[in-house]
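Colleague: Mind looking over this structure? Questions follow.
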Amino acid sequence: MRKIFDFHGGIHPPENKHQSVVRPIVDTGVPPELTIPLSQHIGAPAIPSVNVGDHVLKGQVIAEPRGFVSVPKHAPSSGTVTAIEDRLIPHPSGHSAPCIVIATDGGEEWIDLATNPDYRAMDKGQLLEIIRCAGIAGMGGAGFPSAVKLSIQPHVTIDTLIINGTECEPYITADDMLMRERADRIVAGAEILGYLIEPREILIGVEDNKPEGIAALRTAAAGRDVEIIEFPTKYPSGGEKQLIEILTGKQVPSGGLPSDVGVVCQNMGSAVAVYDAVVHGRPLISRITTVTGDSVADPGNFEVLIGTPMRYLLERAGYDRARNNRLIMGGPMMGFTVPDDSVPVVKTTNCLLAPTEKELPTPPPAQACIRCGMCAEACPASLLPQQLFWFAQGKEYEKLEQHNLFDCIECGACSYVCPSHIPLVQYYRASKAEIQQQRRDHEKSEHSRVRFEARQDRLERAEREKEEKRAARKKAAENRAKEAAASGGDEADPIQAAIERAKARKAAQQAGAGSESELEKLEKAVVSARKRLDTATAKLEEAQAEGSDLVGALQTGVDKTRTRLEAAELALAEHQSSAAGPAGEAPPADAAQAAIEKAMAARVAQESQSPQEKAQGNLDKLAQRLEKSEAKLAESRAAGDEAKIIEALEATVERLAAKVDEARRALDEVEGA
Ligand code: SF4
Ligand code: SF4
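Read in order, the letters of the sequence shown are residues 391 to 1063 in the working numbering.
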């Protein structure tokens, strides 16, 4: 006989379950319109994959999951998409959210279903994918995507798989009727889940107030590796942590997960959905919902399509709106009031409770806390509810977290026993929502801060490196000058020579030496082309660093500018050599054009070189350009040119020096290869 454990606290509210188990599950049929919210689960909302006007088939994917913690949405029946817009959804806040609206055609025309009767022949990854693609999320609580829960980390060992058939909340009987009528599918679903996560044991836990359901499960599980465990009824035994403690004696640590103690829990409806998805290829498009309360004439359980307006479902149970004081989704303990009866049934709608005022009176006004301690005695999570209440009132969120607010399962047991009628659980819900919002805001600002600091670091590092290189070059130039002076030869120092040339040019200008010579024009053309190339290269590097789309276009611009610069340099070189050549030799009619042709020819020749030759050639060329640029800079400084010209030349020298370093590294690599 298996040992059953108990958990701290708990209460015994009136069960009120008998009203809704007097008749079998009723198929609600197809309503004229279905409204499918894109978010019916914990995690990111799905993204519509259909458009208004599209015809959809039953079971067709109409919204794709977004990210790992998300599930797709399917058309619960065939019809036409008439809107994708915000509609009221069943949520405690009573807000609207994006929904896909389908006008049904009554044809119930299915997509082709991929069946897998022999699931054991399948890879486990494939099985998980089927569960994910079927849109299965927890059908009893917050709606956590099942595939995420079943994705067990390789280092984690699961001892026990628990199928939760507790259904401890008053009034709700959806799982009880599922056990009575579909016990075979529950057991088969449990076996599939067992095959997937390979636990040591598979347990189905059920409270002893469901004898018919337990008997049906025992019959279905006979001779199979699934154990049915019956235990005393107490609210809230269905809480995941409480059920684990009842069946295994293990306590999930504060802030921890069931897998921390080697357990995975799945809801009973989810087990059936897994069986339907894997074996019959059916996505999750309907569920069993209890409709009960004194405002309905025929309470019972209904198989209802997801997206069915609650009003349509209530009418099938003989709803009398005039008698109903408020419409509750879920039970009286953990449920919430829905804004109106037009909101749709979603995957987590286990019950619609339509009580009369007499049956579930509006709570009287709250009185002051008398510190009786009854709430702490009732709390199944061993919290101090009155303490949490003080902190929640004072918005002391840090203290709430320190007192384990997030271990609160919102069962409402504390509010139920409070003699002062303080709606304690409402305070906890509001505080949790506020803390979560603050966490999201904090994460966002942290993210922005980290990005800003990384950018500042990058800029400062680049500036430092520039400064270091500048200083190194200055020192190298000074050394060269000193060496030249020591050797006594002006011609050995190109910088000194450049300075002299600049002085001469300046003197000629000052003496009004006439109009600009051809040589000066060509020199200017080279400087101007070089500046343009530098600017274009800087832009390209910036775009590459940012991963911009403009990289391709900027690269083309750099290539063209470089060709022009090469042409200008060649033209200048030719002019200089012709000027130094035999007297009377005429310069070429179009020096630039000739130079372009030469540059092209040089490029063609370069293509036939070996990688080493190319690298060496590139290094030589860059070294020459650097030398020339340094000379030009010295010349410009000596001539007292404008600051912006000097700055441009400095930038050119700096970039060329970096390129020379790079070309040297490239050559080393080629030679080392
Ligand atoms: S049960 Fe109510 S009155 Fe008693 S200590 Fe808790 S909050 Fe205060
Ligand atoms: S609602 Fe939270 S604090 Fe109150 S009894 Fe339940 S778990 Fe404890």
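Don't be surprised by glycine CBs; every beta carbon is placed ideally from N, CA and C.
Is proline 421 helix, strand or coil when you go by DSSP?
Modeller: coil
Colleague: Quick check: what's the CA-CA separation for glycine 515 versus arginine 608?
Modeller: 31 angstroms
Colleague: Can you give me the Cβ contacts of proline 673 inside the same chain, cut-off strictly under 6 angstroms, excluding the 5 residues immediately before and after it?
Modeller: Gly449, His464, Ala524 and Gly525
Colleague: On the DSSP bridge assignment, give the partners of aspartate 476 in chain order.
Modeller: Pro488
Colleague: To the nearest angstrom, how far is the alpha carbon of glutamate 786 from that of tryptophan 780?
Modeller: If you draw a straight line from the Cα of glutamate 786 to the Cα of tryptophan 780, it comes to about 9 angstroms.
Colleague: Using DSSP with H/G/I as helix, E/B as strand and the rest coil, what is histidine 445?
Modeller: strand
Colleague: Enumerate, from N- to C-terminal direction, the unbroken alpha helix (DSSP H) stretches of 4 or more residues contained entirely within the stretch 688 to 747.
Modeller: 700 to 706
Colleague: In the DSSP assignment, find the alpha helix (DSSP H) that holds serine 821 and state where it starts and stops.
Modeller: 814 to 877
Colleague: Using only the alpha-carbon positions, how far apart do lysine 748 and threonine 682 sit?
Modeller: 15 angstroms
Colleague: Pick helix, strand or coil for asparagine 554, following the three-state DSSP scheme.
Modeller: In the three-state scheme derived from DSSP, where H, G and I count as helix and E and B as strand, asparagine 554 is classed as strand.
Colleague: Give the C-beta separation of asparagine 657 and threonine 623 to the nearest angstrom, bearing in mind that I take them to be a contact with Cβ-Cβ under 8 angstroms.
Modeller: Contact doesn't hold; Cβ gap of about 18 angstroms is too wide.
Colleague: What residue does the beta strand (DSSP E) around leucine 593 start on, and which one ends it?
Modeller: 591 to 597 is the extent of the beta strand (DSSP E) around leucine 593.
Colleague: Taking the beta carbon of methionine 567 as the centre, do at least 16 other beta carbons fall within 10 Å, making it buried, or is it exposed?
Modeller: buried
Colleague: Using three-state DSSP, classify glutamate 588 as helix, strand or coil.
Modeller: coil
Colleague: Would you tell me roughly how many angstroms separate the C-alpha atoms of tryptophan 500 and glutamine 409, rounded to the nearest one?
Modeller: 35 angstroms
Colleague: Please report the distance separating the alpha-carbon of alanine 844 from that of isoleucine 452.
Modeller: Looking at the two C-alpha atoms, the distance is approximately 41 angstroms.
Colleague: Kindly give me the distance between the Cβ atoms of aspartate 710 and serine 685, rounded to whole angstroms, as I take these residues to be in contact under 8 angstroms.
Modeller: 5 angstroms
Colleague: Could you check if leucine 909 is buried or exposed, using at least 16 other CB atoms within 10 Å of its CB as the buried criterion?
Modeller: Leucine 909 comes out exposed.
Colleague: Kindly list the residues whose CB is nearer than 7 angstroms to the CB of glycine 904, restricted to its own chain and excluding five residues on each side of it in sequence; keep chain order.
Modeller: Below a pLDDT of 50, predicted positions are generally treated as unreliable, and glycine 904, at 47, falls in that range; the measurement from the model is reported next regardless. Excluding positions up to five away in sequence, the list is empty.
Colleague: Since alanine 661 and isoleucine 592 should fall inside the 8 angstroms C-beta cutoff, what is the C-beta to C-beta distance between them, to a whole number of angstroms?
Modeller: Alanine 661 to isoleucine 592, Cβ: 10 angstroms. No contact.
Colleague: Beta carbon of threonine 556, beta carbon of glutamate 597: below 8 angstroms?
Modeller: yes
Colleague: I need the boundaries of the alpha helix (DSSP H) containing alanine 520, first residue and last residue.
Modeller: According to the sequence provided, residue 520 is isoleucine. The question's alanine does not apply to it. Its alpha helix (DSSP H) spans residues 514 to 523.
Colleague: Check whether the Cβ of isoleucine 490 lies closer than 7 angstroms to any heavy atom of ligand 1, and answer yes or no.
Modeller: Checking every heavy atom of ligand 1 against the Cβ of isoleucine 490, none is found closer than 7 angstroms.
Colleague: Find out if the Cβ-Cβ distance for the pair serine 649, isoleucine 542 is shorter than 8 angstroms.
Modeller: yes
Colleague: Within 10 Å of its beta-carbon, does alanine 771 have 16 or more other beta-carbons around it, so buried, or fewer, so exposed?
Modeller: buried
Colleague: Please identify the residue among Tyr561, Asp1051, Ser536 and Ile553 whose C-alpha is closest to the C-alpha of arginine 863.
Modeller: The candidate whose alpha carbon is nearest that of arginine 863 is Asp1051.
Colleague: For ligand 2, any of its heavy atoms closer than 7 angstroms to the Cβ of alanine 663?
Modeller: no
Colleague: Taking 7 angstroms as the cut-off, is the C-beta of isoleucine 401 nearer than that to any heavy atom in ligand 1?
Modeller: no
Colleague: Mind checking glutamate 858: buried by the 16 CB within 10 Å criterion, or exposed?
Modeller: Label assigned to glutamate 858: exposed.
Colleague: Could you pull out every residue in the same chain whose Cβ sits closer than 7 angstroms to the Cβ of histidine 398, ignoring the five residues on either side in sequence?
Modeller: Hits under 7 angstroms: Pro770 and Ser772.
Colleague: State the DSSP-derived secondary structure class of glutamate 1025, mapped to helix, strand or coil.
Modeller: helix
Colleague: Residues in its own chain within less than 8 angstroms of threonine 494 by CB, not counting five upstream and five downstream?
Modeller: Val420, Pro421, Pro422, Glu423, Leu424, Ser467, Ser468 and Gly469
Colleague: Quick check on histidine 408: does DSSP put it in helix, strand or coil?
Modeller: Histidine 408 falls in the helix class under three-state DSSP.
Colleague: Does DSSP classify cysteine 655 as helix, strand or coil?
Modeller: strand
Colleague: Using the DSSP secondary-structure output, state which residues sit across from threonine 470 in a beta bridge.
Modeller: Answer by DSSP bridge pairing, in chain order: His445 and Ala493.
Colleague: Please name the residue or residues paired with valine 664 in a DSSP beta bridge.
Modeller: Paired residue(s): none; valine 664 is not in a bridge.
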